[in-house]
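Residue numbers (this note's numbering), protein chains in the order written: chain A, 2 to 294; chain B, 147 to 300; chain C, 559 to 1195; chain D, -18 to 339; chain E, 548 to 668; chain F, 196 to 306.
Quick reminder that beta carbons are idealized off the backbone N, C-alpha and C, glycines included.
These figures come from a predicted structure and were not determined experimentally.
Following: one structure in structure tokens, then a few remarks.
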Amino acid sequence: MITLINLKILIKLLLILILPPVIGCILSGIDRKVTAHLQGRVGPPLLQPLYDVIKLFNKENIVVNKYQNVYVITYFIFVVLSLFMLLMKMDFLMIIFVYTIANTSLIVGGMSTGSPYSRIGSVRETISMLAYEPILLFYIIGMYMLTGSFKISKLAYTNKPLLYYLPLIFIAMLFIMTIKFKKSPFDFSTSHHAHQELVKGMFTEYSGPALAIIEVAHWYEYVFLLGLIFLFWYTSPIIGLILALITFFLEIVIDNICARLSWEWMLKFTWTIIIGLSIANILFIYLYNVKIL
Amino acid sequence: MAGISKNIMSKSPWVVHVNCNSCNGCDIEFLACLTPIYDAERLGIINVGTPKQADILVVTGSANYKNIDVLKNIYNQMPEPKVVVAVGACACTGGVFHSCYNVIGGIDEILPVDVYVPGCCPKPESIIDGLIEASRILEEKRIKIKNPDKGVAI
Amino acid sequence: MEQIVLLLLLIPLIFSIVFIYSNKKLYKPLSFLMFFICSILSIFLAYKGSLSIRLTGQIFKISEGIITLSEILMILYLFKISVKHHKIGIFILTVIQTIITLFTIFTPDKSEILTVGIDKFSLAMLLIINIVGTLIVIFANGYISEYEHHHGIESKQKLFYPIICLFLSAMNGLVVSDSLSMVYFFWEITTITSFILISYNGDDEAYKSGFRALFLNLIGGICFGVGNILLKKMLDIDTLSGIIQHGSISLSLMLPVFLLCIAGFVKSAQMPFQSWLLGAMVAPTPVSALLHSSTMVKAGVYLIVKLSPAYAGTRLGTVIAIYGAFTFFICSAIAVAQRNAKRILAYSTIANLGLIICSAGIGTGVAVSAAIILIIFHAISKALLFLCTGQIEHTIGSRDIEDMTGLIRIAPVLSILTSFGIISMILPPFGVLVTKWMSIEAAGSNPFVASFLVLGSALTTLYYTKWLGSILAYPVTELKAQDKKDFCIFFPLWALGFGVLMTSIFITPIFNNFVSPEVNKLLKKSTDMYIKRGEVVSKLGTFNEAMVFIALGLVVLFVILMRRLMISSANIKSIYMCGENNFAEGENYFRSWNGKYEKAKVSNLYFDNILDEKALTTFGYVVSSSIIIICLLGGLK
Amino acid sequence: MAKTVIPFGPQHPVLPEPLQLKLVLEDDVVVEAIPAIGYVHRGLEKLTELKDYEQSVYIVERVCGICSFMHSMAYTRGIESIMNIQIPQRAEYIRTILAEIARVQSHLLWLGLLADSFGFESLFMETWRYREDILDIMEMITGNRVIISANKVGGVTKDFTDEHIKFILDTINRLEEKIKDVENVFLNNYTVKQRLAGIGILTPEDARELGALGPIAKGSGIPLDLRTTGYSAYKYLDFEPIVDNHCDSYGRTVVRIKEIYQSFQLIRQAISKLPSGEIFIPVKGLPNGEVISRLEQPRGEAIYYIKTNGTKTLSRLKIRTPTFANIPTLLKMLPGSRLQDVPVIVLTIDPCISCTER
Amino acid sequence: MLDRMIDNVTTVEKKNLLEAVNNMKLKGYRFAAMTCVQENDIFELDYHFDLNFEMEHIKIVVNQTDEITSISKIFPAAFLIENEYQDLYGLKFKGLIVDYKGALYLTPNSPKTPMVNNKAE
Amino acid sequence: MANMLNIVLKNFLKKPKTRLYPLKERDSFERTRHKIHFETADCIHCGICQRKCPADAIKVNRAEKIWELNAYRCIICGECVNVCPKKCITMLNKRRDVAENKKYISIKKVD
Ligand code: NFV
Ligand code: SF4
Ligand code: SF4
Ligand code: SF4
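Right under this line is the structure:
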């Protein structure tokens, strides 16, 4: 009996470790393909991200100091951990805290290289962190107010999708996704194409295997972030998935119809309108005392 | 999968572009390779801005006394295996400017050049040819680095 | 048992006297001796558990006598300095103080009882005071001579050590006392020692800050005194436990409780009173570490947490929660624009104290647990950070976090310790973050409090990450100084660092032994949460500490496993400078327009224009004062 | 105040060309920005003292690949006026048409790079795709896409056939529609406007003081367009210089976009008036004398000072290119701007470093 | 009309340069270009000014060792070209608003004063 | 932002404009200059092409009847095509291949 359970957990664990990067890889392949088509190009093959990563692993490993890669490993592990905890439906607040570790590690990694561009990129990333962290936490608080628990597993017992009562937070989350996916208009700390004033921002000094690990971690992160969107319609997984995919597509489109804005603009925008929206939504729930559990 | 493991490098050659003494003609033709009509990203080619992540160094224009330092630095900062592509007559030999006082000559005076793309300016097709050739050499170099003794096996 | 308690009060006093009469050479061994004695005593006491002692009869008389005498001495001292330095404000406050003291002296205590109550919370506080406090004293040995040398002030160490010891003794007294008059007495001692230590440098600025601290704390003291008298006269309560046991919640209870709370706010430098703590940063770093972050300011929140049953669930509780959360938010915001490390730490201290107060105000089991845990963890982490900052200042001659760029290259050990201190403030699985988790979960039902907490914690991450990044930035500055290998300096640092790690790992026993029983006792109900196998479980959610630790372990494992791939095979190349590196001059030099070589450097962003310290402070004053005034005008109940 | 000091360039992904700016920032605001050039300095002015004056056409063409045609035009016009040659009307018209096509090419290229500088990749792709159509015209008529070598002393080398003319008209008609779309984006897209409006302000006074030329001057309300003096075939064409009073990056964008339409208009006019006849006359003798030849490049006025001494080679050639005159405006526009606006401001002067340094 | 031999040239003394240039500025001219032509050992510096597409020229004649007053204080636009001649002809300009000190185009390794024809016939 | 949306969606729905170059190649225009071609038969090794070439890419050795082209220096201007009295140099519209090492194209006339 016990071995059986363990086996089940083991299989689950393996699935959690293996499936997301596959999905993430395909997603980022789709991203590039769709972007190309939006620009009237053919674009790379779907598996191009995979080729990139394999290539990067085969490159020489160059660094500017011996310990910069430690941050990358930390980032990787904690992204995986936060995704793991999300899939294990654990405490939402803790997930975000763990996710913060990952991001902070990446930021500090960028700063630690001492290169001016990556440092400025990291500084800007801290600013975007300032912009998105509150929203994520508001999302959690909203969820808590609706379900009375911080545990994601409780969502399974709800009778209405979160989106019903958290529409404003959903809109806020769309903006957060833009920040997190490093898409225009908020791709000032680093961007997928290096045509920006900071070269490659935070990742300027990373190359070879380290960059490959960052890339793989990004795949996990893609799934993680879309997972957050998925939670908005937890009651029906199909709709949730569709919601996540639509969001993803929307992000790609937004990326292609916006110029990069300044971080100041973003900060002003998030700290007034976006946070305002979130607080309004939470107040609404508080005042009407809505519960969906 | 087998196909991938054979052509690891040539499937995603990332490019960094250095403009030395170029007259812009070659530069804009190189940039034109990335635009929808030629779309080098089809072949996995991305213009990454930083040498640290690049596999191919595309040099346009000849070397002069001020930019050789830049060129050398950029080359040194690239991880192995790496390939240098000289695009245009200037980069190959100095072109029409080869006898100017501030032109040292083609960039092969400074770096080991692997692919020469002739023309002034080369058409984007030529540049893409050059990049494809470069990615093939990249793969060769990778194999050479991996099996230092066995030599090239293709 | 009683003897040990008494010893804890007396030993620092004895040391104080020894310090006065010993010569300079002996300071070091004496400090270590004190560290050992005090920590062993406190650990022993903690091991033994809680107790309560009632001092009656003869002993009462003697203690009462000592207290009265000391109080008179203190008042005389206050008169002296206020006259000497022409401080009218202090003079007036001292007059009021005198009146209160006289009033208490001439309305004799009918009960003729002084109680010493040591509960789990006090034990935890004792541990902090006696271990962290004495560690800081050791640190001071390595620090203070150089400090004096550096600032060109004549040695006052003859004064320094005795006062610090006196302070430790007073702190010990404060946390063990149950009788309000005793608490009040020790409270005043800490005020005065704090004043003496802040004005340590003896220059104008030091005195200015010292008097500001004294002024505000005297106001707090007066509130305390008035609250005391009110409690005694109206409800005949003269102990802390008495307040808690007082069943009914009425205005006559609320007002004195609120006055006591204000005393707590002042002592822990909450918003309208925060200026003294910032001024106090002129004091030598050990003083900042000891008084102004890990112990004395904790006296304020200690009192507020202790009082939490009195207002738990009332409107006052909610207001206190909002008040604390607001302070947390606004001080975090101000800290973002700071560059002076000590000021950052000061604002962060205020913010964290605000968080504690907020948690106490929420008053649920989880929240109060969070408050207590935060007091413990914050004390250790902040002491570590303060000491590190002091040492950094000695190493590079600056406390500007921009100047710390690339510190890891000059002083690797120090930098790693500092970074660890910072990480323990902002990232799980370290204690402070666990409490943040707890308080956000606890605050979840009140959107106002929650919003402030959410915004504040995002800001906190920002300013600490900035600093962390600066320290760890590798190839930037080429400062001359080196890691100084001074045992007196590094023993406390290592010990504190180790303490942070251990307390975080062993959060389970800490919670079960110190926090949970205390909360049970205070709120007379269960904590609604437990910690088991590294898992913090409450009704609302779980925080799996162990998992994060395992992940950290995995990181280490990965780093070791992937050494070949990621680290040892790595080729070190120069940093990217758009191709214009110059190696002859140094890694971060580039050739500039005139053919000369210039150093590239990057400073962080401070948002001075948006998060202007003055404007925000004013804003904070307005909001927090209005909260307090509204409360006083009848928002209680 | 701790300052940030970073090099910006020479090898930098937003700068297609090696220009270095030493940026000194305070919190995110540029307080000092000094350009460093010299990475593309070849010394081709000296080279022309070694080559004969007919070969020099090919050399001056390679001053820059973007405005190459007009360089050769200025040069040949200079030599022709020293030698007192009246070139055939048709050749003048062909030069004018090719010059306007080159202008459109240059402006489209610039629009793309501008879009790239504020991170708008798809807009970059879009404009560069349109640019390919122009390049097709070039390739079809002259055989090369960028450096077209269509000028020679005494006329032009490539004639238009009817088929070419049809192709040109078709293409520009088609492009005009498409460019309306991107114009709408450049001028009305909210995010783009955020990045352009109010960025890099240059008042008319400053522009005059610093010697701004071309679209920069025009974007600051100064109608400085050399084409109005009617050189080459412009005297037969009807147009007004375009000015805009925004005095910022947005204004410069407006000017350049309108200039594209204007160029289309000019091409149509010129084609409708295109006379038939020879396209060059044979040149005899050697030039002797000095001359200043000026014309309106896409980026402003270019000045050629040519001095010959009756031998095959020139004795002095001095090229003052528009970017050379526009770089001083950077000293004015950059301080006070934000880091993220630096690439945008630098690009709005449409810097052409190879022109600047020759 | 544009491409013509250079007329209306005023030759001024070196020391009167600033004054003449200032006059130009007062008349509303803009600084267009500056050429340097070497005739054996002497260098002719032509300052070209433009007003409504009419050019005026001011010429000074200097030796390589002469120190020339920079006009960049009056016309900031002139600083680059003055620096250029500092590099290419080895002339000295004093009072430049931004002085590259011979590093505008050249580095220590490059040929010195490349535009100067040393072997005057 | 709708203005850009319009463009990208149009692109998305239409076929990409890309020329799939290595797979499919567009025909060159008739006038396209790609490389010069030398017919040695008519050449009289007069050396005019050498003198007129702005890039000094041609070397003619009259004595040994060698005509040499540095194809990597040639800027494909077509001057030599225009000046050759025997019209033995022509311009082709086929691309010259990229190469791993640059060598002179040296053609010796054998009678
Ligand atoms: N237009 C133009 Fe040029 C010229 N002459 C200029 O700066 O582009 Ni390359
Ligand atoms: S090869 Fe020709 S087009 Fe390319 S940079 Fe040199 S001169 Fe310009
Ligand atoms: S010009 Fe013609 S004939 Fe004379 S050498 Fe050259 S190729 Fe031969
Ligand atoms: S095409 Fe021009 S460069 Fe090439 S060989 Fe002929 S003349 Fe020389």
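#### Entry: Status (buried if at least 16 other CB within 10 Å, exposed otherwise) for C:F679
buried
### Query
Do three or more CB pairs link the region 949 to 960 of chain C to the region 1057 to 1075 of chain C at distances below 8 Å?
no
### Message
For ligand 3, is there any heavy atom lying closer than 6 Å to the beta carbon of D:H(-7)?
### Response
no
### Task
Would you mind working out which of A:T101, A:Y72, A:I17, A:P117 sits nearest C:S1132, comparing C-alpha positions?
A:P117
#### Entry: Touch test, the region 262 to 269 of chain A against the region 120 to 140 of chain A, Cβ-Cβ under 8 Å, three pairs minimum
yes
### Query
So is the beta-carbon of B:C172 under 6 Å away from any non-hydrogen atom of ligand 1?
no
### Query
If you measure from the beta carbon of E:A650 to each beta carbon in chain C, is any gap under 7 Å?
yes
#### Entry: Contact list for A:G111 against chain I, beta-carbon separation under 9 Å
Here the protein chains are A, B, C, D, E and F, and chain I is not one of them.
#### Entry: Length of the line joining the Cα atoms of D:L199 and A:L18
With the sequence shown as reference, residue 199 of chain D is identified as Lys, and Leu is not the correct amino acid for it. One C-alpha to the other measures close to 60 Å.
### Task
Report the residues of the region 28 to 49 of chain A with a CB closer than 8 Å to any CB of chain D, ordered along the chain.
T36, L39, Q40, G41, R42
### Query
Where does the unbroken beta strand (DSSP E) through D:P303 begin, and where does it stop?
Counting along the chain, D:P303 falls outside any beta strand (DSSP E), though it belongs to the alpha helix (DSSP H) covering 303 to 314.
### Message
Which residues neighbour ligand 4 when neighbourhood means a C-beta less than 7 Å away from any of its non-hydrogen atoms? List them by chain order.
### Response
F:I231, F:C244, F:K247, F:C248, F:P249, F:A250, F:A252, F:I253, F:L264, F:C269, F:I270, F:I271, F:C272, F:G273, F:E274, F:C275, F:V276, F:I284
### Query
What number of angstroms, rounded off, separates the C-alpha of C:P570 from the C-alpha of A:I293?
59 Å
### Query
Helix, strand or coil: which one does DSSP assign to A:Y140?
helix
### Query
How about F:I239: is its Cβ closer than 6 Å to a heavy atom in ligand 3?
yes
### Query
Under a CB-based cut-off of 7 Å, is B:K218 close to chain E?
no
### Task
Give me the Cα-Cα distance between C:I920 and C:D762, rounded to the nearest whole angstrom.
42 Å
### Task
Check distances from the C-beta atoms of the region 266 to 298 of chain B to those of chain C and list, in chain order, the residues that come in under 7 Å.
none
### Query
Under 7 Å, do D:P(-1) and C:M1135 count as touching if we go by C-beta distance?
no
### Query
Of the residues that make up the region 126 to 141 of chain D, which ones have a beta carbon closer than 8 Å to any beta carbon in chain A?
none
### Query
By a C-beta neighbour count over all protein chains shown, 10 Å radius and 16 as the cutoff for buried, is A:N160 buried or exposed?
exposed
#### Entry: Rounded C-alpha distance that separates C:I646 from C:I654
12 Å
### Query
Residues of chain E with a CB under 9 Å from the CB of B:N248: which are they?
Y652, L653, S657, P658, P661
### Task
Report buried or exposed for A:P157, applying the criterion of at least 16 other Cβ atoms within 10 angstroms of its Cβ.
Inspection of the sequence shows that residue 157 of chain A is occupied by Ala rather than by Pro. When all chains shown are included, A:A157 counts as exposed.
### Query
Roughly how many whole angstroms lie between the Cα atoms of B:C166 and B:K212?
9 Å
### Query
Residues in the region 206 to 218 of chain F with C-beta within 8 Å of chain A's C-beta atoms, listed in sequence order?
N206, F207, K209, P211, K212, T213, L215
### Task
Give a single yes or no on whether F:V255 has its beta carbon closer than 6 Å to a heavy atom of ligand 3.
yes
### heavy atom of ligand 2 below 6 Å from C:A1173 C-beta
no
#### Entry: Own chain, CB closer than 7 Å to D:M54, minus 5 neighbours either side, in chain order
R76, A80, N132, L276
### Query
If you draw a straight line from the alpha carbon of D:E42 to that of E:Y636, how long is it in whole angstroms?
24 Å
### Query
F:I302 and F:F207 look like a contact to me (Cβ under 8 Å); what is the Cβ gap, rounded to whole Å?
Between F:F207 and F:I302 the Cβ distance is about 52 Å, and since that is not below 8 Å, they are no contact.
### Query
Are A:W272 and A:C26 touching if we call contact CB-CB under 7 Å?
no
### Query
Is the Cβ-Cβ distance between D:L298 and D:I287 less than 7 Å?
yes
### Task
State buried or exposed for A:M178, treating a residue as buried only when at least 16 other CB atoms are found within 10 Å of its CB.
buried
### Message
Only counting the same chain, and skipping five residues up and downstream in sequence, which positions put a Cβ closer than 6 Å to that of A:P162?
### Response
W234, T236
### Query
In this structure, what does DSSP give as the bridge partners for E:Q585?
E:F590
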